[in-house]
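Read the structure below first, then the notes.
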């Protein structure tokens, strides 16, 4: 009997409106007989099924169901379990249609909460941006990358730059943005942190100077407009309001860090041309300026990492209000020897809206990993192949046989009519000084630059080289980082570079701004272990390399470390040292031209 009652209740009970008992009388098992249909009867002790229950048939009444016999109930489709929110209150009548409509309504609400943002117009813009990146060989990695620029006029139309700044761009010779400028400028203007790598001479300096000057020029324009509006009011009130609206004040608004004083001075000259007439101020951190300068009134501070770290330690400069922190030649700045200084500079720039941007011609994976540790969702921008030399520079390797052959090969190049000005790179300052003496005795108009010289001597050497009074400038890798010599047509690697990154930066001193250049690298039998990586870079840039060079054994890191430790012996060696003297002896190979049969 109890099983029959359970089966009947499971299938549902319908009550006629006129015979529906009050809510208090529906508590089971105290259900009266008058509340049931003709198929069921009840008493005060509970429900019982009458003899006519065997003849009961399911009868539809709209969306309601009447009880059926247990045998027929087994043949009915099983009801799905209801969600707790879908439990139906009294009078224990299930409404399938209402339940289904409730489920559909909830599903529709979820669809509205997650609208489809990929409209046809948005998809078209994304496709156009991807086509432009592919055309200019721009590779990006990171979320929400802005579309690349089509022209500088696009910035003027969107009020990102002023007409004065556009005039300065044209006066400086910038007509169309380069690939790195097309992607880096809108990213920095949007407040994105950037990891950028592009070939030497591709316009990386303007890629970060333009957003800085544009933002600062807008601030200065807003200050002037505020002063005009407050001209009729009291002077004190206008001054207080102008100071509250000015974003700079506690320190430099932008900081640009570079590995050498020469590069920092070059960047400041470019900044002066770009910011002419905008009211943007800048200062180059020097020992004299660090003592008495008021950095709270400076917009842009340019410095080397060591000097800036000393100034922070002495509390002569505060970077708590710095909004832009730019690191040029980042692969050199993130070298192990400069990491403590770079770490102190990054942590000193504590403003929550600070934007960190790293630019370099080469971006090793180790440098990228270190940089990502102090950046927030950076946008990585690569132009062309990674860690490759410029394609507009003709590169070749020249076998000189021995140490004595280096000097003879250089003299031969000069005798054949090597077009000045020419940059010659050596492995150390001692070798640079010795080569300078030898060429001076030979009557060559030559000068030398290295780290131990004073600022005045180094600036004079660079100015004479740019003016044309010096035909040949001998330098270490100090000048190989970022220095811009537009007139240099030839670079000679007198000493073989110790890494592919140094090679790329050396070669990048020619072929600037789309011009063509030539790079000649001397090598001896002792340089055979390092030859293959350099040959691969030359081949990747489009220049011809003999196949046998690509089949050499790669120089191991252990041997490269030994070579760096042996640099002291190279410093003591004269230019005319016999082969093997004063240098680390490495595993030699036999050049095809010198192999005896």
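Residue numbers (full-length UniProt numbering): 1 to 597. Note that the Cβ used here is the ideal one computed from N, Cα and C, for glycine as well.
- Along the alpha helix (DSSP H) that carries residue 440, what are the first and last residues, could you check? Numbered from its first residue, the chain shown carries residue 440 at position 440. Start and end: 429 to 441.
- Query: Can you name the start and end residues of the beta strand (DSSP E) that residue 493 belongs to?
  - Reply: Within the chain shown, residue 493 is the residue found at index 493, counting from 1. Unbroken beta strand (DSSP E) run through residue 493: 490 to 493.
- Task: Work out the CA separation of residue 545 and residue 284 for me, nearest whole Å.
- Result: The residue given as residue 284 occupies position 284 in the chain shown. The residue given as residue 545 occupies position 545 in the chain shown. Cα atoms of residue 284 and residue 545: separation of roughly 43 angstroms, rounded to the nearest angstrom.
- Query: Under 8 angstroms between the Cβ atoms of residue 183 and residue 140?
  - Reply: What you label residue 183 is simply residue 183 of the chain shown in a count that begins at 1. What you label residue 140 is simply residue 140 of the chain shown in a count that begins at 1. Cβ distance < 8 angstroms, so residue 183 and residue 140 count as in contact.
- Message: In whole angstroms, give me the CA-to-CA distance for residue 325 and residue 192.
- Response: As a first step, residue 325 must be located in the chain shown, where it is residue number 325. As a first step, residue 192 must be located in the chain shown, where it is residue number 192. Answer to the nearest angstrom: the Cα atoms are 12 angstroms apart.
- Task: Please specify which runs of the alpha helix (DSSP H), each continuous and at least 4 residues long, are wholly inside the stretch 137 to 223, giving them in chain order.
- Result: The alpha helix (DSSP H) runs lying completely inside the stretch 137 to 223 and spanning 4 residues or more are 152 to 157, 163 to 171, 179 to 189, given in chain order.
- Beta carbon of residue 449, beta carbon of residue 491: below 8 angstroms? Locating residue 449 in the chain shown gives position 449, where the first residue counts as 1. Locating residue 491 in the chain shown gives position 491, where the first residue counts as 1. Going by C-beta atoms, residue 449 is not nearer than 8 angstroms to residue 491.
- For the beta strand (DSSP E) that residue 383 lies in, which residues bound it at each end? Walking along the chain shown from the start, residue 383 turns up at place 383. Unbroken beta strand (DSSP E) run through residue 383: 379 to 383.
- Using the rule of at least 16 other Cβ atoms within 10 Å of the residue's Cβ for burial, across every protein chain shown, is residue 135 buried or exposed? For the purposes of this step, residue 135 is taken as the residue at position 135 of the chain shown. Of the other Cβ atoms in all chains shown, fewer than 16 fall within 10 Å of the Cβ of residue 135; this residue is therefore exposed.
- Look up residue 517 in the DSSP assignment and give the residues it is bridged to. If you number the chain shown from 1, residue 517 lands on position 517. Bridge partners of residue 517: 393.
- Since residue 178 contacts residue 151 with CB under 8 angstroms, what's their CB separation in whole angstroms? Locating residue 178 in the chain shown gives position 178, counting from the first residue. Locating residue 151 in the chain shown gives position 151, counting from the first residue. Not confirmed; about 12 angstroms, so no contact.
- Pick helix, strand or coil for residue 282, following the three-state DSSP scheme. Residue mapping note: residue 282 aligns to position 282 of the chain shown, counting from 1. In the three-state reduction of the DSSP assignment, residue 282 falls in the strand class.
- Secondary structure of residue 317, DSSP reduced to three states: As a working mapping, residue 317 is identified with position 317 in the chain shown. Correct three-state label for residue 317: coil.
- Task: Mind checking which residues open and close the beta strand (DSSP E) that includes residue 360?
- Result: Position 360 of the chain shown, counted from the start, is the residue given in the question as residue 360. From DSSP, the beta strand (DSSP E) with residue 360 extends over 355 to 360.
- Item | Sheet register partners of residue 401 (DSSP bridge) | Counting from 1 along the chain shown, the entry for residue 401 is found at position 401. DSSP output for residue 401 lists 524 as bridge partner(s).
- Task: Can you tell me which of 443, 534, 424, 507 puts its alpha carbon nearest to the alpha carbon of residue 494?
- Result: Residue mapping note: residue 494 aligns to position 494 of the chain shown, counting from 1. Of 443, 534, 424, 507, the residue nearest in Cα terms is 424.
- From residue 413 to residue 541, what does the alpha carbon distance come to, in whole angstroms? The residue given as residue 413 occupies position 413 in the chain shown. The residue given as residue 541 occupies position 541 in the chain shown. Looking at the two C-alpha atoms, the distance is approximately 23 angstroms.
- Task: Closer than 8 angstroms by C-beta to residue 598: which residues in its own chain qualify, once you throw out the five before and the five after it? Chain order, please.
- Result: A query on residue 598 cannot be resolved here, the shown segment of the chain reaching from 1 to 597 and no further.
- Item | Nearest-angstrom Cβ-Cβ length linking residue 396 and residue 363, presumed shorter than 8 angstroms | If you number the chain shown from 1, residue 396 lands on position 396. If you number the chain shown from 1, residue 363 lands on position 363. In this structure residue 396 is not in contact with residue 363, their Cβ atoms being roughly 26 angstroms apart against a cut-off of 8 angstroms.
- Task: May I have the straight-line CA-CA distance separating residue 119 from residue 181, to the nearest angstrom?
- Result: Taking the first residue of the chain shown as 1, we reach residue 119 at position 119. Taking the first residue of the chain shown as 1, we reach residue 181 at position 181. Put simply, the backbone Cα of residue 119 is about 28 angstroms away from that of residue 181.
- Query: In or out: residue 360 buried (at least 16 other Cβ within 10 Å) or exposed?
  - Reply: Position 360 of the chain shown holds residue 360. With 16 or more other Cβ atoms inside 10 Å of its own Cβ, residue 360 counts as buried.
- Query: To which residues of the same chain is residue 532 closer than 7 angstroms at the C-beta, ignoring the five residues directly before and after it?
  - Reply: Counting from one through the chain shown, the residue named residue 532 turns up at place 532. Apart from sequence neighbours up to five positions away, the residues of its chain that approach residue 532 with a beta-carbon distance below 7 angstroms are 549, 550, 552, 554, ordered along the chain.
- Message: With a threshold of 8 angstroms, are at least 3 pairs of Cβ atoms found where one atom belongs to the stretch 515 to 524 and the other to the stretch 389 to 406?
- Response: With a cut-off of 8 angstroms, the stretch 389 to 406 and the stretch 515 to 524 count as touching, because enough Cβ pairs lie within range.
- Query: Per DSSP, which one or two residues make a beta bridge with residue 486?
  - Reply: Residue numbering aside, residue 486 sits at position 486 when the chain shown is read from its first letter. None, per the DSSP bridge assignment.
- So what does DSSP say about residue 451, is it helix, strand or coil? One-based indexing of the chain shown puts residue 451 at position 451. Look at residue 451 here: in three-state DSSP terms it is coil, with no helix or strand label.
- If we cut at 8 angstroms on Cβ distances, does residue 414 have a partner in chain B? Within the model displayed, chain B is absent; a lone protein chain is all it includes.
- If we count the other Cβ atoms within 10 Å of its Cβ and call it buried at 16 or more, is residue 257 buried or exposed? The sequence position of residue 257 within the chain shown is 257, counting from 1. Residue 257 is buried by the Cβ-count criterion.
- Item | Reference residue 503, options 143, 477, 517, closest by Cα | Locating residue 503 in the chain shown gives position 503, where the first residue counts as 1. The option with the nearest alpha carbon to residue 503 is 477.
- Could you name the residues of the same chain whose beta carbon sits closer than 7 angstroms to that of residue 142, not counting the 5 residues immediately before and after it, in chain order? Counting from one through the chain shown, the residue named residue 142 turns up at place 142. Closer than 7 angstroms at Cβ, skipping near neighbours: 377, 378, 379, 380.
- From residue 269 to residue 282, what does the alpha carbon distance come to, in whole angstroms? As a working note, residue 269 is residue 269 in the chain shown. As a working note, residue 282 is residue 282 in the chain shown. C-alpha of residue 269 to C-alpha of residue 282: approximately 10 angstroms in a straight line.
- Item | Delimiting residues of the alpha helix (DSSP H) encompassing residue 125 | Here the question's residue 125 lines up with position 125 in the chain shown. 120 to 135 is the span of the alpha helix (DSSP H), which, as asked, contains residue 125.
- Query: For residue 479, which of helix, strand or coil comes out of DSSP?
  - Reply: For this step, residue 479 is matched to residue 479 along the chain shown. Residue 479 falls in the coil class under three-state DSSP.
- Option in 475, 172, 132, 154 with minimal Cα separation from residue 513: The sequence position of residue 513 within the chain shown is 513, counting from 1. Selection 475, 172, 132, 154 evaluated against residue 513 yields 172 as nearest (Cα-Cα).
- Message: Suppose contacts are defined by Cβ-Cβ distances below 8 angstroms. Is residue 264 in contact with residue 302 by that definition?
- Response: Taking the first residue of the chain shown as 1, we reach residue 264 at position 264. Taking the first residue of the chain shown as 1, we reach residue 302 at position 302. Yes.
- Burial state of residue 436 (16 or more Cβ within 10 Å): For the purposes of this step, residue 436 is taken as residue 436 along the chain shown, with counting starting at 1. Under a 10 Å Cβ-count criterion, residue 436 is classified as buried, with 16 or more other Cβ atoms of the shown protein chains found around its own Cβ.
- Task: Please list, in chain order, all residues of the same chain as residue 320 whose beta carbon is under 7 angstroms from its beta carbon, the five residues on each side excluded.
- Result: Walking along the chain shown from the start, residue 320 turns up at place 320. Excluding sequence neighbours, residue 320 sits near 250, 251, 350, 351.
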